[in-house]
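For this note's numbering, count along the sequence shown from 1 and bump the result up by 111.
Ideal placement from N, C-alpha and C gives every residue a C-beta, glycine not left out.
As the structure is a computational prediction, the values presented were derived from the model and not from experiment.
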Amino acid sequence: MTTPATQTDLQIPAGVPDRIRHYIDGRFVDSVGGETFGVLEPTTNTVYVEAAAGQAVDVDAAVAAARRAFESGPWPGMKNRERARVLNRIADAVEAQDTVLARLESFDTGLPITQAAGQARRAAENFRFFADLIVAGADDAYKVPGMQMNYVDRSPVGVAGLITPWNTPFMLESWKLAPALAAGCTVVLKPAEFTPLSASLWATIFAEAGLPEGVFNLVNGIGEEAGDALVKHPGVDLISFTGETTTGQLIFANAAPTLKGLSMELGGKSPAIIFPDADLEAALDSTLFGVFSLNGERCTASSRILVHRSIYDDFVARYVQRAKNIKVGPPADPTTEVGALVHPEHYERVMGYVQAGKHEATLAAGGTRPAHLPQGNYLAPTVFIDVPPTARIFQEEIFGPVVAITPFDNDAHAVELANNTKYGLAAYIWTRDLRRAHTVAAQVQAGMVWINSHNVRDLRSPFGGIKASGLGHEGGYRSLDFYTQQKAVHITLGDVHTARFGATGYNPDDPYFATKNLQA
Ligand code: NAD
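Pasting the structure below:
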């Protein structure tokens, strides 16, 4: 349990508003009924601000504004080059506020400040990338010589509902906002209730960059209230969701009656496979970073490490020693490597897994709150070894600084263990053997594979998971495909070849019937 702190313990950084509001049709507003919820700061677990708690009526207003902006505003019909200019101005503004954004993000989420700074830069990059993509984009056109020409007429889908999680909130919002806006959609964003602080910054950044009113709308609130109303709203054309697998399943069902387009980025339990011929020092660096950066609250965390038995003892000894040296501390301290978990509810959940793990495997590091941090959601980097594949800590997503290490005997065994969960988001392979690397990459069930690397992604490549980790892939032009309609237009070249129903009656000698018209 965490010790409650008083509000006076808390240093609230500059830039935190007196209240977090919705942003609808170009204005910051409270909930129509005045509902709010308290937002906690994760090193003290005190409420540092009240946020508007959106209800169905607030979602209605946001969707109506987005619909108006889509039907009668300039944004969807603007030339790609003009939209790209706005997106580039947004990127400039995000970059210019890098330090402020990082400070607010770190304060709200508990992420170490040095890692939050990277998030703001990456968010800006997303806008630049999609600005370039829409200007350079090409579409399919096909010709059947002398008969037909076909081309794709691309247009924005409409009103996009964007629902995002609390880990790296600003950056993950940019993943959805940038392609949705680039495509010409109008949007309603529902950020995670644990971390609503940074989302409000978009409103000012967008307005100053020249995004027309009503194109971006923000409704804060609880998932089961504001999120649910957005998913079920008949005026919303698609939902892009990132979050837990169980929430994704519920959203999938709730979106069915209104037949919305869905993109789902869900949970993960990604394996890192360390073969005996790997560069062990590099593999150590990468697998430590992979699960302990971002406090382990990372969907693609390498939270299961599978190590060949011939190097197992050596790898484990070095891994445990490094894990024990990781600096856990206040998120605002630039030397901190692991900060505070986002929320006491989440902290209790992670600690529940740590307790379960003690009965399932051998605890080799961590497993408790560090002694020098008596309050707040802190957990020392936790390493379980000799973890059997039947253990919950091997099978279930923990989403904290907790790793499970398991030995394997040969390549087939490694692949079998890697695939032995319901998830299929990422996989990491460490080997110098080219043939083994590609063979295992092909056999592992994951949407994304990194060979001799942690999670570093070229924005052009697809992002997404398989199995319980997601539906559909975003990233690069795939994101634009999701946010656009692709209408196929077919044009006859030369003569029109139509069966002449009712004109002459059936005449088997009629060349139309004889030769041309009975084709599919
Ligand atoms: P969550 O599912 O609890 O919440 C995500 C969002 O959904 C929040 O905004 C929440 O308010 C909203 N929500 C909750 N219930 C809802 C409902 N019934 N209807 C509509 N919206 C609802 O997830 P979280 O705890 O915020 O985030 C952590 C999870 O996100 C982890 O499982 C992690 O793996 C996953 N994640 C996945 C990716 C990816 O790209 N695959 C990236 C980041 C995080």
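Enclosing beta strand (DSSP E) for methionine 282 [first to last residue]
Premise fails: methionine 282 lies in the alpha helix (DSSP H), 280 to 294, not in any beta strand (DSSP E).
Nearest neighbour of leucine 536, chosen from Leu308, Glu508 and Asp169 [CA to CA]
Glu508
Near the ligand NAD: proline 382 beta-carbon under 7 Å from a heavy atom
no
Does the beta-carbon distance from valine 143 to arginine 132 come in below 8 Å?
no
Short of 7 Å in beta carbon distance, which residues of its chain neighbour glutamine 226, apart from the five on each side in sequence? Order them along the chain.
Ser404 and Leu405
Within the same chain, show all residues whose beta-carbon is closer than 6 Å to that of tyrosine 134, passing over the 5 residues directly before and after it, in chain order.
Ala314 and Leu329
Can you list the beta strand (DSSP E) stretches of 3 or more residues lying completely in the region 527 to 595, in chain order?
537 to 541 and 559 to 562
Isoleucine 316 beta carbon near the ligand NAD (any heavy atom closer than 7 Å)
no
Tell me whether threonine 358, by its Cβ, gets closer than 7 Å to a heavy atom of the ligand NAD.
yes
Express the C-alpha separation of alanine 502 and glutamate 471 in angstroms, rounding to a whole number.
6 Å
Is there at least one non-hydrogen atom of the ligand NAD closer than 7 Å to the beta-carbon of serine 404?
no
Flag leucine 528 as yes if its beta-carbon sits less than 8 Å from any beta-carbon of chain D, otherwise no.
Chain labels in this structure do not include chain D; a single protein chain is all it has.
Using 8 Å as the cut-off, can you tell me whether the region 238 to 257 makes contact with the region 160 to 169, which would need three or more C-beta pairs spanning the two stretches below that distance?
no
Check whether the Cβ atoms of lysine 301 and leucine 341 sit closer than 8 Å, and answer yes or no.
yes
Nearest-angstrom Cα separation, counted from alanine 467 out to asparagine 566:
28 Å
Where lysine 190 falls: helix, strand or coil (DSSP):
coil
Just the C-alpha distance for alanine 116 and leucine 308, rounded to the nearest angstrom, thanks.
Note on alanine 116: pLDDT 44, under 50, position unreliable in the model; the coordinate value appears next. Spanning the two alpha carbons is a distance of roughly 20 Å.
Hey, alanine 475 and isoleucine 504: beta-carbon distance below 8 Å or not?
no
Within 8 Å, do at least three Cβ pairs link the region 578 to 589 to the region 250 to 264?
no
Which runs of the beta strand (DSSP E), 3 residues or longer, sit entirely within the region 352 to 417?
372 to 376 and 382 to 385
Buried or exposed: lysine 469, going by 16 or more other Cβ atoms within 10 Å of its Cβ?
exposed
Pair within 8 Å by beta-carbon distance, glycine 402 and isoleucine 516:
Looking at the sequence itself, residue 402 is valine, so the reference to glycine does not match. Taking 8 Å as the Cβ cut-off, valine 402 and isoleucine 516 do not qualify as a contacting pair.
So is lysine 287 buried or exposed if we call it buried at 16+ other beta carbons inside 10 Å?
buried
Apart from the five residues just before and just after valine 453, which ones in its own chain have a Cβ nearer than 6 Å to its Cβ?
Pro153, Thr220, Gly221, Trp277 and Phe305
Rounding to the nearest angstrom, what Cα-Cα distance links glycine 372 and alanine 294 in this structure?
15 Å
Whole-angstrom distance between alanine 525 and valine 498, CA atom to CA atom:
14 Å
The region 556 to 564 touching the region 345 to 355, judged by at least three CB pairs closer than 8 Å
no
Taking 8 Å as the threshold, find out whether the region 356 to 365 comes into contact with the region 184 to 203 through three or more Cβ pairs.
no
Does DSSP put arginine 178 in a helix, a strand or coil?
helix
How far does the beta strand (DSSP E) with tyrosine 262 in it reach, from first residue to last?
259 to 267
For threonine 297, count neighbouring C-beta atoms within 10 Å of its own C-beta (all shown protein chains included) and say buried if the count is 16 or more, exposed if not.
buried
Only counting the same chain, and skipping five residues up and downstream in sequence, which positions put a Cβ closer than 6 Å to that of alanine 242?
Ala195, Leu198 and Asn199
Helix, strand or coil for asparagine 237 per DSSP?
helix
What residue does the beta strand (DSSP E) around tyrosine 489 start on, and which one ends it?
No beta strand (DSSP E) contains tyrosine 489, which DSSP labels as neither H nor E.
Can you find a heavy atom of the ligand NAD that lies under 7 Å from the Cβ of phenylalanine 510?
yes
Please confirm whether any heavy atom of the ligand NAD lies closer than 7 Å to the CB of glutamate 355.
yes
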